[in-house]
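Input: a single structure, listed below in structure tokens.
Number of protein chains: 2
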Amino acid sequence: METLTIGELSARSGVAPSALRFYEREGLIHASRTSGNQRRYDRAELRRVSFIKISQQVGVSLDEIREALASLPENRTPTRADWSRLSASWRFRLQERIAVLERLRDELSGCIGCGCLSLQRCKLANPGDRLAAGGTGPQRILNPGTD
Amino acid sequence: METLTIGELSARSGVAPSALRFYEREGLIHASRTSGNQRRYDRAELRRVSFIKISQQVGVSLDEIREALASLPENRTPTRADWSRLSASWRFRLQERIAVLERLRDELSGCIGCGCLSLQRCKLANPGDRLAAGGTGPQRILNPGTD
DNA sequence: CTGCTACTTAAAGTTCACTTCAACTCAAGG
DNA sequence: CCTTGAGTTGAAGTGAACTTTAAGTAGCAG
Numbered sequence: 014m015e016t017l018t019i020g021e022l023s024a025r026s027g028v029a030p031s032a033l034r035f036y037e038r039e040g041l042i043h044a045s046r047t048s049g050n051q052r053r054y055d056r057a058e059l060r061r062v063s064f065i066k067i068s069q070q071v072g073v074s075l076d077e078i079r080e081a082l083a084s085l086p087e088n089r090t091p092t093r094a095d096w097s098r099l100s101a102s103w104r105f106r107l108q109e110r111i112a113v114l115e116r117l118r119d120e121l122s123g124c125i126g127c128g129c130l131s132l133q134r135c136k137l138a139n140p141g142d143r144l145a146a147g148g149t150g151p152q153r154i155l156n157p158g159t160d
Numbered sequence: 014m015e016t017l018t019i020g021e022l023s024a025r026s027g028v029a030p031s032a033l034r035f036y037e038r039e040g041l042i043h044a045s046r047t048s049g050n051q052r053r054y055d056r057a058e059l060r061r062v063s064f065i066k067i068s069q070q071v072g073v074s075l076d077e078i079r080e081a082l083a084s085l086p087e088n089r090t091p092t093r094a095d096w097s098r099l100s101a102s103w104r105f106r107l108q109e110r111i112a113v114l115e116r117l118r119d120e121l122s123g124c125i126g127c128g129c130l131s132l133q134r135c136k137l138a139n140p141g142d143r144l145a146a147g148g149t150g151p152q153r154i155l156n157p158g159t160d
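Those sequence lines, one after another, are chains A and B.
Sequential numbering of the first sequence, starting at 14, is according to my numbering.
Sequential numbering of the second sequence, starting at 14, is according to my numbering.
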């Protein structure tokens, strides 16, 4: 068993086949084909899927994940060092997200005391008007990426 | 100036008029009408909008925000104590979200060292398969609410 | 060869939180 | 009275990240 079918990759990664096909359309993962046009995944794809899952937990969009994956070498299977570099690139993002939430928590604690929630007085209600400035479409939670 | 027009409420809250109309359709805020059918907001609505904004930062969905707002007394203007109670109810949510991200950060640090990202070995890739079990539609980031 | 499960596609649907649009009315200043 | 900016509606559109559906094909066990 050198390669995996889509069902096998799905089972091992916990990602639905429909999502794997979607990722392929979006250029996030790749597959070769059998003579009968069925996908066969190299075992190395497991790590790509793994990276996608982790990145999503960090709050990174598929667009950005695609960019990150595009920075991997194309001529060889990525090494541990390659994956380490990518993982490290999200650390700062994660740290910032945590910091934002901690600030919110602390300010919320203060506001629980005063019960104000006043837009005039309370810092909480206007953290730089990020949500208001976000433009069209639904805002990603806490605008990861613009933070 | 006892009441606010939608433009005024928008300016003071930083929430677009279209969003305020949307919130009204969704039963999150209320407005009376002039003889010419224009909305007039009681000043107390400012606090509701403020609460909505803060709740969204905590990662709460509009559905749940509506539920929370529904628990406010209907026969009188909510007091500071009322708002304090609601704010406090999100504290736990926020704390859990922070904890999840901190776990992720620590595990990611470990994985940066080993560069593994292996679905078999690495805890990161399978934190309870939450994303996979989420059902239809896009998953809210880190599934706040199911955590 | 039969039957079965797993696979294939394109296109349309889903959820959330809104925004945009078109066509219209209201309110207030000059 | 006229103009102008702010307000009204319902319906349709947006973006992200997928899922669902329908109609058909592949691969393998018996």
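Note that the Cβ used here is the ideal one computed from N, Cα and C, for glycine as well.
Every value quoted in this text rests on a predicted model; they were computed, and no experiment measured them.
Neighbourhood of residue i by C-beta distance below 8 Å, restricted to the same chain and skipping five residues each side
i              : result
R46 (chain B)  : R52, R53
Q100 (chain A) : Strictly speaking, residue 100 (chain A) in this sequence is Ser, with Gln absent from that position. Here the set comprises F64, I67.
L41 (chain A)  : R61, I65, L75, I78, R79, L82
G20 (chain B)  : P30
8 Å Cβ cutoff, residue i in contact with chain A
i              : result
R237 (chain B) : Past the boundaries of the shown model lies residue 237 (chain B); chain B is included only from 14 to 160, so the question cannot be answered.
L70 (chain B)  : In the sequence on display, residue 70 (chain B) carries Gln and not Leu. For Q70 (chain B), the answer is yes, since a Cβ of chain A falls inside 8 Å of its Cβ.
R118 (chain B) : yes
S31 (chain B)  : no
Residue i at chain B interface by Cβ criterion, 8 Å
i              : result
E115 (chain A) : yes
L121 (chain A) : yes
L107 (chain A) : yes
I111 (chain A) : yes
S100 (chain A) : yes
L132 (chain A) : Confidence at L132 (chain A) is low in this model, with a pLDDT of 49, below 50, so the placement of that residue should be treated as unreliable; the coordinate-derived value is given next. With 8 Å as the cut-off, L132 (chain A) counts as an interface residue toward chain B.
Residue j beta carbon less than 8 Å from that of residue i
i              : j              : result
S179 (chain B) : A81 (chain B)  : Nothing in the structure corresponds to residue 179 (chain B), since chain B is present only between 14 and 160.
L17 (chain B)  : R61 (chain B)  : no
E39 (chain B)  : R89 (chain B)  : no
E69 (chain A)  : R118 (chain B) : Per the sequence shown, residue 69 (chain A) should be read as Gln rather than Glu. Contact flag unset, no.
R104 (chain A) : L59 (chain A)  : no
Neighbourhood of residue i by C-beta distance below 7 Å, restricted to the same chain and skipping five residues each side
i             : result
S23 (chain A) : A29, P30, L33
G27 (chain B) : none
Residues near residue i by beta carbon distance below 6 Å, same chain, minus five either side
i             : result
Y36 (chain A) : I42
P91 (chain A) : L85
Next on the checklist: Assess contact between the segment 93-109 of chain A and the segment 85-92 of chain B, defined as three or more Cβ pairs (one per stretch) separated by less than 8 Å. Is contact present?
Outcome noted: no
Item to check | Every unbroken alpha helix (DSSP H) inside the segment 89-130 of chain B [4 residues or more] | outcome: 93-127
Checklist entry - Can you list the beta strand (DSSP E) stretches of 3 or more residues lying completely in the segment 24-58 of chain A, in chain order? => result 52-55
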